[in-house]
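Just below is one structure, and these are the notes that go with it.
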Amino acid sequence: MIYMMKYLEKTLYFGLGLITYSAEKLENLVNELVKKGEVAAEDAKKLVNELIEKGESQKEAIRKFIKEEMEKHAAQKTGPVSEDTIRQIVREELEKIKDRENTQE
11 MIYMMKYLEK
21 TLYFGLGLIT
31 YSAEKLENLV
41 NELVKKGEVA
51 AEDAKKLVNE
61 LIEKGESQKE
71 AIRKFIKEEM
81 EKHAAQKTGP
91 VSEDTIRQIV
101 REELEKIKDR
111 ENTQE
């Protein structure tokens, strides 16, 4: 169980790092759109903030999901979950989040 906790913690931090990296990339992308005239300069900051907020909400959804899954498995006392199972669960949840985001746009 301790190994699983450490693995999930590393996975979570990796995901958070990707979100931070993505925020920087988003800002660069929006700046490029401003340079090309596709986005007004005054709208750029708002757009970046909106995209970052979406990323933050996804991050919170992932945290909540991981916590719920860990609590569920701890309550079942089924033993450690394999890395493949964790990866599959995370992939499925990310797909659900992407699908929700796509339907909102």
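The letter at position 2 of the sequence shown is residue 12 when you use my numbering, and the numbering goes up by one with no holes. We put the beta carbon where it would ideally sit given N, CA and C, even for glycine. Keep in mind it's a predicted model, so treat the numbers as computed, not measured.
- Closest in C-alpha terms to Ile62, from the list Glu103, Glu48, Ala33, comes Ala33.
- The region 37-50 and the region 94-102 do not touch, with fewer than three beta-carbon pairs separated by less than 8 Å.
- The distance from the Cβ of Gln68 to that of Ile107 is about 5 Å, consistent with a contact at the 8 Å cut-off.
- Going by beta carbons, Glu93 and Lys64 fall outside the 9 Å limit.
- Put simply, of Val40, Ala84, Ala71 the residue whose alpha carbon is nearest the alpha carbon of Lys56 is Val40.
- Contact annotation, Glu37 with Val58: C-beta distance approximately 5 Å; criterion of less than 8 Å satisfied.
- Assigned with DSSP and collapsed to three states, Lys56 falls in helix.
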